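See structure below.
Number of protein chains: 2
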Amino acid sequence: MPITRTDKFKPKDVRLSLLAKALSHPARVAILRTLAKRNACVCGEIVEVLPIAQATVSQHLKELNNAGLVDGTMEGPSSCYCLNKDAIGRLAADLNGLFDELRSGCTTTSCSTKGKG
Amino acid sequence: MPITRTDKFKPKDVRLSLLAKALSHPARVAILRTLAKRNACVCGEIVEVLPIAQATVSQHLKELNNAGLVDGTMEGPSSCYCLNKDAIGRLAADLNGLFDELRSGCTTTSCSTKGKG
DNA sequence: TAACTTTATCGTAAAGATACGATAAAGGAA
DNA sequence: TTCCTTTATCGTATCTTTACGATAAAGTTA
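Quick note, the sequences are listed as chains S and D, same order. First residue of the first sequence? That's 1 in my numbering, and the numbers climb one at a time after it. First residue of the second sequence? That's 1001 in my numbering, and the numbers climb one at a time after it.
Next up, the structure:
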C-alpha cells in the first residue's frame, strides 16, 4: 500500500521529492536536454531522437509539464514545448540548498570509513 | 511493460536519473537531512523522527546506500549510517552541470509565453 | 543459556510507473 | 468535405515502488 502519506512529511521535502521524481527517468532527462539544444521547441523531433514510442514521449512530456519544468502549447496541428527556465532555476536553487545543508551539517568525515554496509 | 531499456539511453542520463530517483521520495530526503543534522550517524533515531515503520525506514536506507549517497556499518547490535559527502558533492556537480546545460541552451524566452498546455 | 535490543530481510498487498498499440482530437491541405 | 499530419488520450499489460507485520540475524546483558 504505497499510498505515501504525503501530508505526514514536510512540504519542503515533498516538493523536492516531486521535482526529483521528474528527473528520475532517463527519457525525461534526455527530453530536457533535447529541448535545451534546439531553441525551437519541437515535439515530433523528440520522438525521433528517443528510443521510445510516440505515446510514451507524450506521457513523459506531460509529467514534465505537470512538474512545471516544461511549457507546452498547440501550434496548429503540432505542438510546441520548451523549457521553463524560471522553474529550472528554482529547482537548481532548491537542490543546491539541500546539498549545502547536507554538506555543512555533520563535520565528522564518515561513520567509520568502511563504505557500503 | 516498464522494463525501461536502460541501455538505449545515454549512460550520462541513466546515471543522473538513478540519483534523482534516490531523492524522489520525501522520506529519503528527510533521512538525508536527519543524517546531516546529527553528526552522530544514527538509525533508530530516524525511525522516531519519520512517520513510517522501521522496516520501511530500513528499506529507504538501503536504497540510499545503493545509490551511494549514504554509508552504513553495523556497530554492535545497532547500525550506523552517515552521509557520503563525496558522493553528494559529485551529485551536486552532476546536477548543476545539467542545469547549466539547460539554462544556457536555448536563448528564446519561451515557446509562446502561454504557460501550461 | 535465556531474555532483550536493534536492524535487516521476507512475504505480501496495493498503488504507481512505464510502455505501446489503437484511437480520438484538431488543424491543415487538396 | 475528405484525407493527411500531428499529438494527446485510452485501454491494457507488466514491472516497480511503497508499506507494514512478522521473522530472522546478531549483539548485549543478566
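All C-beta atoms in this analysis are idealised placements derived from N, C-alpha and C, irrespective of residue type, glycine included. Just so you know, these numbers come straight off a predicted model, no measurement behind them.
What's the C-alpha gap between residue i and residue j?
i	j	result
S:Gly76	S:Gly44	13 Å
S:Arg28	S:Ser104	31 Å
D:Leu1050	D:Lys1085	22 Å
S:Thr73	S:Tyr81	7 Å
D:Ala1022	S:Arg38	29 Å
S:Asn65	S:Ser17	16 Å
S:Val42	D:Asp1013	20 Å
D:Ser1079	S:Asp100	26 Å
Looking at residue i: is its Cβ nearer than 8 Å to the Cβ of residue j?
i	j	result
D:Ala1061	D:Val1070	First, the amino acid is wrong: residue 1061 of chain D is Leu here, not Ala. Yes, the Cβ-Cβ distance between D:Leu1061 and D:Val1070 is below 8 Å.
D:Leu1091	D:Ala1036	no
D:Ala1087	D:Gly1068	yes
D:Pro1026	S:Thr34	no
D:Leu1032	S:Leu95	no
S:Ala30	D:Ser1024	no
For a test of the three-state rule: what should DSSP assign to residue i, helix, strand or coil?
i	result
S:Gly68	coil
S:Leu83	strand
Along the chain, where does the alpha helix (DSSP H) that runs through residue i open and close?
i	result
S:Val42	No alpha helix (DSSP H) contains S:Val42, which DSSP labels as neither H nor E.
S:Ser24	No alpha helix (DSSP H) contains S:Ser24, which DSSP labels as neither H nor E.
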